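Residue numbers (this note's numbering), protein chains in the order written: chain A, 1 to 111; chain B, 1 to 110.
Worksheet for the structure shown next.
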């Protein structure tokens, strides 16, 4: 069966520090991968999605970037965090245009 | 513009009561439709989905949803709510990229 992992689970970072969040999927090949951010009291905002290695589409211009160095690995990064980057970050995968399945999330607090 | 509206931010029900969570959408064509549930600090779990066919779909945990094309709605229902159903519920529409509503927080009183 397929599983999706995210780490770390929780992260507290100072403003201006770099960021790296990792997401890996097991049990499937060539998945579509997604990064979402969930701010308090809001729905989910799609940040990036990828249909293959090295193929990244950005949905919202911002302080973040994404990379997909391996088929089942998706990384969310920032060179310098802002206060507004705080939130709950969720990774998801799908096969083609089918259902998206979500990871457990990473809670990021920027101070 | 494509959008999803969940008009109820917060709903409180008694355990054993029936439940209906509303979802309306605006989309160019008939999209895929989803309901997800999120417990505090957790990821999203799929409750049910509609792609085509029978407009009444059954999901996990006793939930069901009905797609009404004429009303652009996909409301979630449960005949008898359990205390463990307390969570946040998200409606989503789309195909490869999903658009989410802002969620409905469900509180259940004993």
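Note that beta-carbon positions come from the ideal geometry of N, C-alpha and C, so glycine has one too.
As the structure is a computational prediction, the values presented were derived from the model and not from experiment.
Assigned exposure category for residue i - 16 Cβ within 10 Å defines buried
| i | result |
| --- | --- |
| residue 38/B | buried |
| residue 35/A | buried |
| residue 94/B | buried |
| residue 66/A | buried |
| residue 111/A | exposed |
| residue 78/B | buried |
| residue 107/B | exposed |
Residue-level contact to chain B via CB, residue i, 7 Å cutoff
| i | result |
| --- | --- |
| residue 11/A | no |
| residue 104/A | yes |
| residue 99/A | yes |
| residue 43/A | yes |
| residue 90/A | yes |
C-beta neighbour in chain A for residue i, strict 7 Å
| i | result |
| --- | --- |
| residue 44/B | yes |
| residue 100/B | yes |
| residue 8/B | no |
| residue 95/B | yes |
| residue 103/B | yes |
| residue 68/B | no |
| residue 49/B | yes |
One or two residues paired with residue i in a DSSP bridge
| i | result |
| --- | --- |
| residue 22/A | 7/A and 75/A |
| residue 4/B | 25/B |
| residue 65/B | 57/B and 76/B |
| residue 44/A | 38/A |
| residue 32/A | 94/A |
| residue 20/B | 77/B |
| residue 52/A | 55/A |
| residue 13/B | 108/B |
| residue 12/A | 109/A |
| residue 92/B | 34/B and 100/B |
Start-end ranges of the beta strand (DSSP E) lying completely within the segment 24 to 57 of chain B, minimum 3 residues: 24 to 26, 32 to 38 and 44 to 50
Cβ pair count under 8 Å reaching 3, the segment 43 to 62 of chain B against the segment 11 to 25 of chain B: no
Stretch-stretch touch, CB-based, cutoff 8 Å, three pairs: the segment 17 to 27 of chain A with the segment 4 to 13 of chain B: no
Touching by the beta-carbon criterion (3+ pairs, under 8 Å), the segment 21 to 32 of chain B and the segment 87 to 95 of chain A: no
The segment 38 to 54 of chain A / the segment 66 to 78 of chain A touching (three or more Cβ pairs under 8 Å): yes
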